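Enquirer:
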Amino acid sequence: QQQQQTQKRRNKGNRAKAESVLMQTGLVRNEQGLIHEGTETPFRSESTTSGMSPSPDLRTQNSPGTNNEGTSILTNYEVFRTAVPPKVTAKSWCVMDGHTGEVLFEKRGHERREMASITKMMTCYVVCKIAQRLQLDVKNTMLTVSMTAAKLNGTSARLLEGDILSIQDLLYGLMLPSGNDASVVLAEHFGRFFYNVYSQKRANRAHHQIKPCRNPVKYFLMEMNKFAEILSLTDTHYANSHGLSNSQNKSSAHDCCKLGAIIMQDPYIATIVNAKEYSTRIDNSRGKSRDMTWKNTNRLLPLDGWNGVKTGNTPAASACLTASYDLDGYYMIVTILGARARELRWSETPELLHWTIDNIRKRQLE
Numbered sequence: 032q033q034q035q036q037t038q039k040r041r042n043k044g045n046r047a048k049a050e051s052v053l054m055q056t057g058l059v060r061n062e063q064g065l066i067h068e069g070t071e072t073p074f075r076s077e078s079t080t081s082g083m084s085p086s087p088d089l090r091t092q093n094s095p096g097t098n099n100e101g102t103s104i105l106t107n108y109e110v111f112r113t114a115v116p117p118k119v120t121a122k123s124w125c126v127m128d129g130h131t132g133e134v135l136f137e138k139r140g141h142e143r144r145e146m147a148s149i150t151k152m153m154t155c156y157v158v159c160k161i162a163q164r165l166q167l168d169v170k171n172t173m174l175t176v177s178m179t180a181a182k183l184n185g186t187s188a189r190l191l192e193g194d195i196l197s198i199q200d201l202l203y204g205l206m207l208p209s210g211n212d213a214s215v216v217l218a219e220h221f222g223r224f225f226y227n228v229y230s231q232k233r234a235n236r237a238h239h240q241i242k243p244c245r246n247p248v249k250y251f252l253m254e255m256n257k258f259a260e261i262l263s264l265t266d267t268h269y270a271n272s273h274g275l276s277n278s279q280n281k282s283s284a285h286d287c288c289k290l291g292a293i294i295m296q297d298p299y300i301a302t303i304v305n306a307k308e309y310s311t312r313i314d315n316s317r318g319k320s321r322d323m324t325w326k327n328t329n330r331l332l333p334l335d336g337w338n339g340v341k342t343g344n345t346p347a348a349s350a351c352l353t354a355s356y357d358l359d360g361y362y363m364i365v366t367i368l369g370a371r372a373r374e375l376r377w378s379e380t381p382e383l384l385h386w387t388i389d390n391i392r393k394r395q396l397e
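In my numbering, the protein residues as written are 32 to 397.
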């Protein structure tokens, strides 16, 4: 409890700084406090119980699972929430309507737990939003892999120090093989950008020169947490960009579902997380190059209806998964945290999903 109070004070102290960066990059809040760019609104204007609505250009009137007004047909959940869920090993889980953010069923949905590489959903989201706002050509903006990134342990995109990749390549290397190395390359680069924004403002006030950034990842993490605050992910705090074990890097099944639904509204991110594999050619600073192919760690993708989002697994978090399902009028996000074994994710997640659909169908027939 004392740690949470300390973290709240830190977040409050960083709020003004982070807000100034968002304003200087053109990122502002809409009426629900959700981030958007200029006059473009990525969420519907009408509010929902969760404060989240899907993007109108993604969930159209003809979209499966919507009525002629483009809203979800899954309503009146309370009447069947007394149903007994299947027994799964996951410590906590949540099934959410991807259109509205309505929680359909959950078990300890707001329990804060380490979420392993599900962390990378926010890393990807922050990078994409800032790149979009700055109008970066992600296919041709090249970044160099540092020694720090290349030596990071855990799941890897097999990057080497001196490798030169585009932002797009790094995003695929982040989300498909769950590359911790790719996450650090992105956090270092965009962290330096945020640092320069902060430092320029301070330098202008004090008439000082900007000093070199010693810890760019720190500033990237500030933005990850600012985005979490703006998106009302109240159970979430990020302590790293990759999800390796850290007692301060926590979220909940509910927040992971909500963030999964949000990032799936972005067509570019949705394309990345739905890719089963991705191939590229990597150059390096020594003038050599090599071909690289990454395969998605999400084994649900070959199954009908499953189209994202992110896997995770560490000793502290155990096996985790946030998955998106869109088929036959049902668009749902399912998160399980703390499953007993990695292989169980591929059975427990569909089991919870289809159990939820069965309960909805039973109610509709009554």
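Every residue, glycine too, gets a C-beta built ideally from N, C-alpha and C.
None of these values were measured; they are calculated from a predicted model.
Buried or exposed: where does R312 fall if 16 or more other Cβ atoms within 10 Å of its Cβ makes it buried?
Expert: In the sequence shown, residue 312 corresponds to position 281, counting from 1. That one is exposed.
Enquirer: Report buried or exposed for R415, applying the criterion of at least 16 other Cβ atoms within 10 angstroms of its Cβ.
Expert: Any property of residue 415 remains undetermined from this structure, which presents the chain solely from 32 to 397.
Enquirer: Can you pull the DSSP bridge partners for R312?
Expert: To locate residue 312, count along the sequence shown from 1; it is residue 281. Partner(s): D322.
Enquirer: Taking only three categories from DSSP, how would you classify L142?
Expert: As a first step, residue 142 is located in the sequence shown; it is residue number 111 there, counting from the start. Here residue 142 turns out to be Glu, not Leu, going by the sequence shown. E142: coil per DSSP, three-state reduction.
Enquirer: Cβ atoms of S272 and M255: under 8 Å apart, would you say?
Expert: The sequence position of residue 255 within the sequence shown is 224, counting from 1. The sequence position of residue 272 within the sequence shown is 241, counting from 1. Contact: yes.
Enquirer: V119 lies in the alpha helix (DSSP H); which residues open and close that run?
Expert: The residue given as residue 119 occupies position 88 in the sequence shown. Note, V119: premise wrong, no alpha helix (DSSP H); not H, not E.
Enquirer: Quick one: give me the first and last residue of the beta strand (DSSP E) that S349 is part of.
Expert: Along the sequence shown, read from residue 1 onward, the residue named residue 349 stands at position 318. From DSSP, the beta strand (DSSP E) with S349 extends over S349 to L358.
Enquirer: By the 10 Å Cβ neighbour count, where 16 or more other Cβ atoms means buried, how is R90 classified, buried or exposed?
Expert: Counted from its first residue, the sequence shown places residue 90 at position 59. Low confidence applies here, because R90 scores a pLDDT of 34, under 50, leaving its location unreliable and the question unanswered by this model.
Enquirer: Between the Cα of G274 and the Cα atoms of C125, V115 and C155, which residue gives the shortest distance?
Expert: As a first step, residue 274 must be located in the sequence shown, where it is residue number 243. Per the Cα distances, C155.
Enquirer: CA-CA distance, C287 and C244?
Expert: Counting from one through the sequence shown, the residue named residue 287 turns up at place 256. Counting from one through the sequence shown, the residue named residue 244 turns up at place 213. Straight-line Cα distance between these residues: approximately 31 Å.
Enquirer: Within 10 angstroms of its Cβ, does K118 collect 16 or more other Cβ (buried), or is it exposed?
Expert: Counted from its first residue, the sequence shown places residue 118 at position 87. Its Cβ having fewer than 16 others within 10 Å, K118 is exposed.
Enquirer: Of the choices K289, W337, T131 and G129, whose alpha-carbon is the least far from that of T302?
Expert: To locate residue 302, count along the sequence shown from 1; it is residue 271. T302 has its Cα closest to that of W337, out of K289, W337, T131 and G129.
Enquirer: In this structure, how does DSSP classify Y269 when only helix, strand and coil are distinguished?
Expert: For this step, residue 269 is matched to residue 238 along the sequence shown. Note: Y269 maps to coil in three-state DSSP.
Enquirer: Would you mind reading off the limits of the alpha helix (DSSP H) that contains F194?
Expert: Within the sequence shown, the letter at position 163 stands for residue 194. For clarity, residue 194 is Asp in the given sequence; the question names Phe instead. Looking at the DSSP string, D194 is not in any alpha helix (DSSP H); the run it does join, the beta strand (DSSP E), is D194 to S197.
Enquirer: What distance in whole Å lies between the Cβ atoms of M363 and M127, which are believed to be in contact at a cut-off of 8 Å?
Expert: Here residue 127 refers to the residue found at position 96 when the sequence shown is read from its first residue. Here residue 363 refers to the residue found at position 332 when the sequence shown is read from its first residue. Correct: roughly 6 Å between the Cβ atoms.
Enquirer: Reducing DSSP to helix, strand and coil, say where D200 ends up.
Expert: Residue mapping note: residue 200 aligns to position 169 of the sequence shown, counting from 1. Correct three-state label for D200: helix.
Enquirer: For K341, does the three-state DSSP call read helix, strand or coil?
Expert: The sequence position of residue 341 within the sequence shown is 310, counting from 1. Note: K341 maps to strand in three-state DSSP.
Enquirer: Rounding to the nearest angstrom, what Cα-Cα distance links E133 and W124 in this structure?
Expert: Taking the first residue of the sequence shown as 1, we reach residue 133 at position 102. Taking the first residue of the sequence shown as 1, we reach residue 124 at position 93. Answer to the nearest angstrom: the Cα atoms are 14 Å apart.
Enquirer: Find the nearest neighbour of L190 within the set L167, T150 and S214, judged by alpha-carbon distance.
Expert: Walking along the sequence shown from the start, residue 190 turns up at place 159. Comparing Cα-Cα distances from L190 to each of L167, T150 and S214, the minimum goes to S214.
Enquirer: Assign M363 to one of three DSSP states: helix, strand, or coil.
Expert: Here residue 363 corresponds to residue number 332 of the sequence shown, with the count starting at 1. The answer is strand: DSSP assigns M363 an E or B state.
Enquirer: So, helix, strand or coil for S230, using DSSP?
Expert: What you label residue 230 is simply residue 199 of the sequence shown in a count that begins at 1. It is helical.
Enquirer: Can you tell me which of the three DSSP states K281 falls into?
Expert: The residue labelled residue 281 in the question sits at position 250 within the sequence shown. K281 falls in the strand class under three-state DSSP.
Enquirer: Is Y269 near Y250, with beta carbons less than 8 Å apart?
Expert: Here residue 269 corresponds to residue number 238 of the sequence shown, with the count starting at 1. Here residue 250 corresponds to residue number 219 of the sequence shown, with the count starting at 1. No, Cβ-Cβ distance for Y269 and Y250 is not below 8 Å.
Enquirer: If contact is defined by three or more beta carbon pairs under 8 Å, each pair taking one atom from either stretch, is the segment 144-164 in contact with the segment 341-353?
Expert: As far as the Cβ criterion goes, the segment 341-353 touches the segment 144-164, which means the pair count is three or higher.
Enquirer: With DSSP run on the structure shown, which of helix, strand or coil describes C125?
Expert: As a position in the sequence shown, residue 125 is number 94, starting the count at 1. In this structure, C125 counts as strand in the three-state DSSP scheme.
Enquirer: Would T328 and E308 be called neighbours here (beta carbons separated by less than 8 Å)?
Expert: Numbered from its first residue, the sequence shown carries residue 328 at position 297. Numbered from its first residue, the sequence shown carries residue 308 at position 277. Not in contact: T328 and E308 (Cβ atoms no closer than 8 Å).
Enquirer: Going by beta-carbon coordinates alone, are S209 and T186 separated by less than 8 Å?
Expert: Within the sequence shown, numbered from 1, the residue matching residue 209 stands at position 178. Within the sequence shown, numbered from 1, the residue matching residue 186 stands at position 155. Yes; because the gap between Cβ atoms is below 8 Å, this pair is in contact.
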